[in-house]
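Trainee:
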Amino acid sequence: MVAAGCRQFEGLDTMKNLRDLVYGLYERRIEAHLDRAQAPKHIGVILDGNRRWARAAGGTAEQGHQAGANKIADLLGWCQETGVEVVTLWLLSTDNLGRPAEELDPLLGIIESAVTGLAEDGRWRVHHVGTLDLLPSHTQRVLKEAEQATDAVDGMLVNVAVGYGGRQEIADAVRSLLLEQASRGTSIEDLAEILDIDHIAEHLYTRGQPDPDLLIRTSGEQRLSGFMLWQSAHSEYYFCEVFWPAFRKVDFLRALRDYAARHRRYGN
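In case it helps, my numbering puts the sequence shown at residues 1 to 268.
1. Can you check which of these residues, Val86, Glu85, Ala114, Leu76, is closest to Gln66 by C-alpha distance?
2. Under the rule that 16 or more other beta-carbon atoms within 10 Å means buried, what is Pro245, buried or exposed?
3. Would the beta-carbon of Trp90 fall within 8 angstroms of that of Ile170?
4. At what residue ranges does the segment 63-129 contain a whole run of the beta strand (DSSP E), taking only runs of 3 or more?
5. Could you check which residue in Arg248, Ser225, Tyr259 has the C-alpha nearest to that of Asn269?
6. Can we say the segment 237-254 touches the segment 37-54, given the rule of at least three CB pairs closer than 8 angstroms?
7. Any idea if Lys144 is buried or exposed, counting beta-carbon neighbours within 10 angstroms, 16 or more meaning buried?
8. My output table needs one value for Tyr237: the three-state DSSP class, helix, strand or coil.
9. Reducing DSSP to helix, strand and coil, say where Val250 ends up.
10. Mind checking which residues open and close the alpha helix (DSSP H) that includes Leu178?
11. Using 8 angstroms as the Cβ pair cut-off and three pairs as the minimum, do the segment 158-178 and the segment 198-211 touch?
12. Using CA coordinates, which residue listed in Phe227, Leu178, Arg207, Asp154 is at the minimum distance from Ile194?
What follows is the structure in C-alpha cells.
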C-alpha cells in the first residue's frame with residue numbers, strides 16, 4: 001500500500017514537471033516572437049479572483065488575498081522586462097470598503113504590507129490613486145510614506161489604486177476643478193464657456209501620465225467595474241480566465257501578443 005501511494009505521488013510530480021516544461025517552452029516561444037516595439041507603455045490590471053481561487057483550493061479569503069499580493073512582484077518584473085513604463089494595479093475599490101470588518105481589516109493589512117514592499121524594493125516609483133479620505137488613517141499613512149520614499153526613484157511608475165472608483169475619480173476631478181477655478185475668481189458661467197476635456201484630465205488621480213494602452217482583468221469577468229473610466233476611452237481590453245493568484249508569465253505574454261495583433265485606429 002505504501003509503495004503504491006509513493007508511486008501515485010511520483011506520478012503526480014512527473015505530470016507537474018511535464019506540464020511546467022511544456023508551459024516553459026510555450027512561454028519562450030511567445031516571448032521570442034513578441035515585437036517589443038509594439039508593447040504597451042501603460043498597463044492597468046484588475047487583480048480579480050483572489051477569493052474564488054482560495055475557495056477552490058479550500059482556503060480562506062485572507063489566504064487568497066495574500067497569494068494575490070505575492071503575485072504582484074512577478075507581474076512588475078515581467079512588465080519591466082518588456083519595456084512597460086506605467087502599471088496601475090487595482091487593489092481595493094470603493095465598493096470593497098463595504099465588506100465586513102472581519103474580511104476588510106486583514107485585506108487592508110495585506111495591501112499595506114504589499115505597498116510597503118514595493119517601496120522597499122527600490123525599483124519602482126509608487127503613486128497612490130484613489131480617495132485617501134475614505135481609508136483608515138494607518139492605510140493613508142502607509143500610502144503617503146511609500147510615495148515619499150520612492151519619489152526620486154528613476155524606475156517604472158506603479159500606481160496602486162486603493163479606495164479607488166472610476167465614478168468617484170471623475171467626481172473628485174470635477175470638484176477639484178471647480179475649487180481651483182473659484183479660487184481664481186472664475187464664475188460658473190465663465191467656466192462653462194471654456195470647459196473642455198483637458199480641464200478635467202488635469203485633475204484626475206493620474207494627471208500627467210499617459211492613458212493606459214491595455215487593461216487586463218483576470219478571473220473571467222468581462223467588465224471594467226468602473227476601473228479607469230475616463231482614461232480607458234481608447235484602451236484595449238484583455239480578459240483572462242485564470243484567477244489572479246494563478247496568473248502566469250505565459251498569461252501575461254498572451255495578453256501582450258493579443259494587444260500587438262490589434263490595429264489601433266482611434267476612430268480614424
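Built from N, CA and C at the ideal position, the CB exists for glycine as well.
Mentor: With the given structure in hand:
1. Ala114
2. buried
3. no
4. 86-93, 124-129
5. Lying outside 1 to 268, the shown extent of the chain, residue 269 is not represented and no answer is given.
6. yes
7. exposed
8. strand
9. helix
10. 166-183
11. yes
12. Leu178
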